[in-house]
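**Q** Residue numbers (the numbering used here), protein chains in the order written: chain A, -11 to 322; chain B, -11 to 322.
Glycine included, every Cβ here is placed at the ideal spot set by N, Cα and C.
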DNA sequence: CTGAAAGCGCTTACAG
DNA sequence: CTGAAAGCGCTTACAG
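Next comes the structure, spelled out in structure tokens:
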């Protein structure tokens, strides 16, 4: 690999001049400019970004920390980060931890040593080092955020969305409504699960509908867990007439599981999803769900993050993105 | 941020000693070790990986270049890279180009200046700079590979897999078989599309079945394009009894589209997919398809890449991973 | 407009 | 076992 020194030598100028040519900030004589340009081309020289980052102490990179990329909602969200970052001169690097503590730790190390100028965190579990004020690096927490977060967040109003779609079910005449949420026990409950369950219960309360504990099913946001929930519902002495699911993936599994057991959606049971993944349009029946606008979420996250990095004045601490209720075929009037 | 100098000063030793403590390679006195350890802790020091990479001219990072992460098959594959990399002490950084030339160029720049020690390329379109022997950096091309590739590749035998699943349709008595592949014209045809189509045609040829050009439908691997193909099939004067699809996503769209038009799968038409994404089990009907084992592909790719980087002797140039025919509900005997 | 030199935060022979 | 010093490839005041 050719270095800036090689270029300088070949062009017959100093490395400082080459550096200036590269940055484009200062003016050069037309002749020196031509010499440098020629040397760069014949050597097919590319600056070493590690060296550049080291001397500038910034890398123009943003990292996105995520535990897994295979959920459809997450992967759609991930797709939306590059464009807004690129528009402001930053690259984005996705780091997926596969739920592995060690792997996550290596990314945190990388972050602490300034591999990136800042990061987007897609889970609520923030590494303690990041919260330590002494050496925190800029970040914004997206989608899975603790309600008491004292750092920047971007998310939809999960509670309100859950309440809204549940109220829609109620408006169709349903009063026997089960819910299928994520894990919810003393060991583990994600912020999103808590908020969506809260919204669900709020809707029930507001309509004088009793909450049946036995109708609260727990999954893990996978389609498989939806299939399992179908089994549980089929075995109930008293079945609900509708099920609020905290994700499309679980709703899809639920519908499929119910179908296998001879229970039809929406004729026998109405089902709602959450997220509006692409597949939600194509399942049979298609899903009534809440759309989370991934582009808007990603744009807000990236722009906020860059504002923080560049210390702009107008940084918004907590950003709420509007969701949308999408009506399709998985729900019907009772 | 504390630097190695700060640690050295606080511990009362030289920076070299701190560096040695960090690398763990050389032995230190128990007392100096304790002093350094203490200093690192009180300063909560973390080495700057940019500086380290610069002086070692390696970063222990691997980059995965991908045009988009939202296809289910791709996102599953991406999830599988971290573990094998981590096992050998490397981090993986995913870089998604969103099909944007400029964004891709910035990643290529980063690569050329050694942001990573090597990369995995998930598309056949290799940046010319990477093929230029003068300054190539280690990489392996995965899944979408040109047949004439002179660089390391890892993939299944797409042609054989396509042939096999088509022969399965034929064994069920089908002879009127359409296919739904990716774009295939003079402007653009991906290697995978070409190979799967070849395999399909081979199976037809081997069974004296004529290939009908009008039964060759083109999509773009999205579910939407499958839905559109359904429309085309419905309008045909003579309809096929089976359709070979080059991806599960297109097959799912096709089935959904046919259902909307009152055409039942598999009763009226049998449909096969390709990839075996998670959703393939949950569609109605579930998909008969070819499974591409993503973990094996990712393992082979990462280990091969690291072998190349570390200049191991046993690097395999072209690796073929075994696929698997999965029989489910979307196909039936004619 | 251009150059010499110091500095970014590490690592690594070379001595001792 | 430990330290002084050079070097990795850039950028950036400071002079001229």
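In chain order, which continuous runs of the beta strand (DSSP E) of length 3 or greater are located wholly inside the segment 226 to 291 of chain A?
**A** List check, beta strand (DSSP E) in window: 230 to 233, 258 to 260 and 277 to 279.
**Q** Return the chain-ordered list of same chain residues with a C-beta closer than 7 Å to the C-beta of residue 191 of chain B, the five sequence neighbours on each side being excluded.
**A** Within the same chain, residue 191 of chain B has close Cβ partners 151, 154, 155 and 158.
**Q** With DSSP as the reference, label residue 197 of chain A as helix, strand or coil.
**A** Coil, per DSSP.
**Q** Any idea what DSSP makes of residue 36 of chain B, helix, strand or coil?
**A** Coil, per DSSP.
**Q** Counting only Cβ-Cβ distances shorter than 7 Å, please list the residues of the segment 255 to 275 of chain A near chain B, keeping chain order.
**A** Within the segment 255 to 275 of chain A, the residues whose Cβ lies closer than 7 Å to some Cβ of chain B are 266, 267, 270 and 272, listed in chain order.
**Q** In whole angstroms, what separates the C-alpha of residue 9 of chain A from that of residue 93 of chain B?
**A** Each residue's Cα considered, the two are about 20 Å apart.
**Q** Taking only beta carbons into account, state which residues of the segment 99 to 118 of chain B come closer than 7 Å to chain A, listed in chain order.
**A** From the segment 99 to 118 of chain B, only 100, 101, 102 and 103 have a Cβ closer than 7 Å to chain A.
**Q** Considering residue 83 of chain B, what are the terminal residues of the beta strand (DSSP E) in which it resides?
**A** Per DSSP, residue 83 of chain B belongs to the beta strand (DSSP E) from 79 to 84.
**Q** Which residues in the same chain as residue 64 of chain A place their Cβ atom closer than 8 Å to its Cβ, once the five residues preceding and following it in sequence are excluded?
**A** Excluding residues within five positions, the ones whose Cβ falls inside 8 Å are 265, 266 and 282.
**Q** Establish whether the CB of residue 36 of chain B and some CB of chain A are separated by less than 8 Å.
**A** Cβ-Cβ to chain A under 8 Å: yes for residue 36 of chain B.
**Q** Taking Cβ-Cβ distances shorter than 9 Å, what residues in chain B pair up with residue 244 of chain A?
**A** By Cβ distance, chain B contributes 269, 270, 271, 272 and 274.
**Q** Should residue 132 of chain A go down as buried or exposed, given a rule of 16 or more other Cβ atoms within 10 Å for buried?
**A** Residue 132 of chain A comes out buried.
**Q** Could you list which residues in chain B have their beta carbon closer than 9 Å to that of residue 64 of chain A, in chain order?
**A** The answer, in chain order, is 57 and 58.
**Q** Leaving out the 5 sequence neighbours to the left and right, which residues in its chain are closer than 7 Å to residue 149 of chain A when beta-carbon positions are compared?
**A** Closer than 7 Å at Cβ, skipping near neighbours: 187, 278 and 311.
**Q** Nearest-angstrom Cα distance between residue 289 of chain A and residue 129 of chain A?
**A** One C-alpha to the other measures close to 8 Å.
**Q** Expressed to the nearest angstrom, what Euclidean distance is found between the alpha-carbon atoms of residue 47 of chain A and residue -3 of chain A?
**A** Between residue 47 of chain A and residue -3 of chain A, the C-alpha separation is close to 27 Å.
**Q** Whose Cβ in chain A lies nearer than 9 Å to the Cβ of residue 319 of chain B?
**A** Correct list: empty, because the minimum Cβ distance to chain A is about 18 Å.
**Q** When DSSP builds the beta bridges, which residues end up paired with residue 173 of chain A?
**A** According to DSSP, which records beta bridges pairwise, residue 173 of chain A is partnered with nothing at all.
**Q** Verify whether the separation of the beta carbon atoms of residue 110 of chain B and residue 171 of chain B is less than 8 Å.
**A** No. Outside cutoff.
**Q** Should residue 136 of chain A go down as buried or exposed, given a rule of 16 or more other Cβ atoms within 10 Å for buried?
**A** Residue 136 of chain A comes out exposed.
**Q** Just to make sure I have the definition right: I need the residues of chain B whose C-beta is within less than 8 Å of the C-beta of residue 139 of chain A. Which are they?
**A** In chain order: nothing, as chain B lies at least about 19 Å away.
**Q** For the segment 221 to 238 of chain B, list every residue whose C-beta sits within 7 Å of some C-beta in chain A, in sequence order.
**A** If the cut-off is 7 Å between Cβ atoms, the segment 221 to 238 of chain B has nothing near chain A.
**Q** Assign residue 143 of chain B to buried or exposed, taking buried as 16 or more other Cβ atoms, counted over all protein chains shown, within 10 Å of its Cβ.
**A** Buried, by the Cβ-count rule.
**Q** Hey, would you say residue 30 of chain A sits closer than 8 Å to residue 16 of chain A, going by beta carbons?
**A** No; because the gap between Cβ atoms is not below 8 Å, this pair is not in contact.
**Q** Is the Cβ of residue 88 of chain A closer than 8 Å to any Cβ of chain B?
**A** Yes, its Cβ sits closer than 8 Å to a Cβ of chain B.
**Q** Taking just the CA atoms, how far does residue 125 of chain B sit from residue 98 of chain B?
**A** C-alpha separation (whole angstroms): 11 Å.
**Q** Could you spell out where the alpha helix (DSSP H) holding residue 153 of chain B opens and where it closes?
**A** Looking at the DSSP string, the run of the alpha helix (DSSP H) that includes residue 153 of chain B is 146 to 159.
**Q** If you measure from the beta carbon of residue -4 of chain B to each beta carbon in chain A, is any gap under 8 Å?
**A** By this cut-off, residue -4 of chain B is not an interface position.
**Q** Under 7 Å Cβ to Cβ from residue 271 of chain B, same chain only, skipping five residues before and after it: list those, please.
**A** Here the set comprises 240 and 243.
**Q** So what does residue 310 of chain B bridge to, in DSSP terms?
**A** Paired residues: none, contrary to the question.
**Q** Does the beta-carbon of residue 118 of chain B have 16 or more other beta-carbons within 10 angstroms, so that it is buried, or is it exposed?
**A** Residue 118 of chain B is buried by the Cβ-count criterion.
**Q** Looking at chain A, is there any beta carbon in it that lies within less than 8 Å of the beta carbon of residue 91 of chain B?
**A** By this cut-off, residue 91 of chain B is an interface position.
**Q** Since residue 25 of chain B contacts residue 0 of chain B with CB under 8 Å, what's their CB separation in whole angstroms?
**A** Not a contact, Cβ separation roughly 13 Å.
**Q** Helix, strand or coil: how does DSSP classify residue 107 of chain A here?
**A** Three-state DSSP puts residue 107 of chain A in a strand.
**Q** For residue 325 of chain A, does the count of other Cβ atoms within 10 angstroms reach 16, so buried, or fall short, so exposed?
**A** With chain A represented from -11 up to 322, any question about residue 325 of chain A goes unanswered, as that position is not in the structure.
**Q** For residue 95 of chain B and chain A, any beta-carbon pair shorter than 8 Å?
**A** Residue 95 of chain B counts as touching chain A.
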